[in-house]
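Residue 270 in full-length UniProt numbering sits at position 270 of the sequence shown, and the numbers go up by one each step.
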Amino acid sequence: MLLALVLMTKAVMAPTPMDLVQAEQLAALALACVHQEYPNKVAHTLASDADAKVPRALTPVFYGCFDWHSSVHGHWLLARVARLHPVTPLAAKAEAALATSFTAERVAGEMAYLRVPGRQEFERPYGLAWLLQLTMELREWDSPQARGWAKSLAPMEVEAVARFMDWLPKLTRPIRTGEHSQTAFAFGLALDWARHAKHAEFERLLVERSRAFYLADRACPMAYEPSGQDFVSPCLAEADLMRRVLSPAEFSRWFADFLPQVPTLTKADASWLEPGVVLDKTDGKLAHLDGLNLSRAWMLEGILSALPADDPRRPALTAAASRHRELGLAAVTGAPYAGGHWLGTFAVYLTSQRGLAAP
C-alpha cells in the first residue's frame, strides 16, 4: 500500500524523472523475482523427452519472474535503477543480483537453448526487443562491471538482432494485437537499440518496415480499445513508433490523419481516452490492463515530445497521459504476483522516461 501511495503522489505532479524512493520501491519487485523460479510459465518447444526440464535448466539466466520475457525486463529494471542511482545501497543490491545472473556459464546455457532447431520463433518479437533494451542499458552504463556483463551477453544480443533481421523481410503484415506479438512496440524498442549501437543496417530495415506497415494508416479506431487483456495500445504504440521514424513536421501531419479524434482544446480534458479497469488482479490476463495504463502514459508522453509546443492537441494528450500515469502507478503494489512480476518494469520505463531523450 505504501508503494502505491508514493507512486500516486508522484503521478499527480508534472512528469519528472524517477527519484531514489521510487527506484527503491520498484527495484524491490524485480529483486524479489529475478531468481524466483516458481510459479513459471514456460514457452517451450519439446522435440523429445530429453527436453522436459525445469526452467533454470532450460534458460539459466532468465528463469525467474514467471516467464522469460519478464525475467529479461526484470533484469533491465535492475540495470536501469542501478545506473541512474549509482553508489547507493539500491545499486549494490541490483548489481549483486545481476552478477549472479550474468555469468559466462549461465549465458552459455541460454545460447545453447536458443540454438536448438525449432526455436527460431522463441520470444519473438517482445522478449527479443526487451533483451536489446537490457543490453543497451548495459552499454550506456559507465561501469567496468556493466561493460563485462554487456560483453557476456553479446552473443545473445547478436542472436536477437539476427533473428529480427531474418524475420522482418518475410513479415508481410504488421501485427496489431495489444499483447506480446505486437510489432509496433517491439519495433520501437529495437529501433532505440539500433541507433544507440549504430547498427545502420538494422536501423534501415526497421525504418523501412515501419514506413511500409504504418505510413498509410488513417483514423486508427481508438474507440475499439482496449481489448480485455491488452497491455500495449495498438494505436498509441504505432504513433510512438512513428515519432521515432518520421521528422517532427512529418509526424505532426501523419498524426493528425492517424488519430483525428484527439481533441483540440484550450482546457485539459482526459475524458476522450478512458483508462483500463481491472476487476480481478489475481487473473494474469485481466491484470494486463494495469500495464496498459502505464504504457499508454509513456506513449502519450512520447507523442507529446514530438509535437510542437503550440500544437492544439497538447492539452488533451497531456491530460490523458497524466490520468493514465496516476492510475497505472497506483496499481503497482507488488501483489498479487500476476501483476507484481512485471508491472514494476513498466513503471520504471515510464518514470525514468526511458523512451525519450537520454539518459
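Note that CB positions come from ideal geometry on N, CA and C, so glycine has one too.
Own chain residues within Cβ distance below 6 Å of residue i, not counting five before or after
i           : result
Met63       : What sits at residue 63 in the sequence shown is Tyr, not Met. Excluding sequence neighbours, Tyr63 sits near Glu37, Pro55, Arg56.
Ala11       : Legend: pLDDT at Ala11 = 38, less than 50; position of this residue unreliable, no value from coordinates given.
Glu123      : Trp68, His69
residue 382 : Summary: the structure shown does not reach residue 382, with the chain confined to residues 1 through 359, and so no result is reported for it.
Gln133      : Trp76, Leu189
Ala287      : Val278, Lys281, Ala338, Gly339
Trp141      : Arg83
Phe213      : Pro174
His180      : Tyr126
Val87       : none
Length of the line joining the Cα atoms of residue i and residue j
i      : j      : result
Cys65  : Gly74  : 7 Å
Gly228 : Lys281 : 13 Å
Phe258 : Asp217 : 6 Å
Leu20  : Pro117 : 44 Å
Val72  : Pro144 : 21 Å
Ala96  : Glu24  : 15 Å
Ala194 : Glu203 : 5 Å
Met299 : Ala239 : 8 Å
Met13  : Gly344 : Note that Met13 scores 39 on pLDDT, short of 50, meaning its location in the model is unreliable; the coordinates nonetheless yield the value given after this. The straight-line gap from Cα to Cα measures roughly 20 Å.
Leu168 : Leu205 : 8 Å
Gly276 : Ala270 : 13 Å
Met18  : Glu301 : 15 Å
Ala108 : Pro60  : 9 Å
Ser48  : Ala129 : 29 Å
Asp283 : Pro336 : 9 Å
Leu31  : Asp311 : 42 Å
Leu191 : Ala268 : 32 Å
The ligand ATP heavy atom lying under 7 Å from the CB of residue i
i      : result
Tyr113 : In terms of ligand content, the structure shown is empty, and the ligand ATP therefore cannot be addressed.
Other residues of its chain near residue i: CB distance less than 7 Å, five sequence neighbours each side excluded
i      : result
Ala297 : Ala321, His324, Arg325, Gly328, Leu350
Pro308 : Ser252
Leu2   : Low local confidence applies: a pLDDT of 37 at Leu2 is under 50, so the model's placement there is unreliable, with the coordinate-based value given in what follows. Correct list: empty, nothing qualifies.
Thr45  : Gly118, Arg119
Ala154 : none
Nearest candidate by alpha-carbon position, reference residue i, set the options
i      : options                        : result
Val42  : Leu356, Ser48, Ala52, Cys33    : Ala52
Asp290 : Arg314, Leu246, Phe346         : Phe346
Lys170 : Thr266, Ala108, Glu208         : Glu208
Ala197 : Ala150, Cys235, Ala184, Pro234 : Ala150
Val245 : Ala237, Ser210, Val161, Arg176 : Ser210
Met111 : Leu26, Leu131, His199          : Leu131
Gly178 : Arg139, Ala219, His341, Lys285 : Lys285
Leu58  : Ala219, Ala99, Arg119          : Arg119
Pro89  : Ala28, Asn40, Asp230, Arg313   : Ala28
Ala104 : Ala91, Pro86, Gly148, Val87    : Gly148
Ala186 : Ala146, Pro234, Arg139         : Pro234
8 Å CB neighbourhood of residue i in its chain, flanking five on each side removed
i      : result
Ala223 : Gln261
Leu114 : Phe122, Met156, Glu159
Val34  : Gly64, Cys65, Ser71, Gly74, His75, Leu78, Ala97, Ser101
Ala4   : Summary for Ala4: the model assigns pLDDT 47, below 50, so the residue's position carries little reliability, and this model does not support an answer.
Leu317 : Val262, Leu300, Ile303, Leu304, Leu307
Distance between beta carbons of residue j and residue i, contact taken as under 8 Å
i      : j      : result
Trp272 : Pro263 : 5 Å
Arg173 : Glu137 : That belief does not hold up - the Cβ atoms of Arg173 and Glu137 are roughly 31 Å apart, past 8 Å.
Cys295 : Val232 : Correcting the residue identity first, residue 295 is Ser in this sequence and not Cys. That pair is a contact at about 5 Å.
Closer than 8 Å to chain B by CB, residue i
i      : result
Lys198 : Absence of chain B from the displayed structure is noted, only one protein chain being present.
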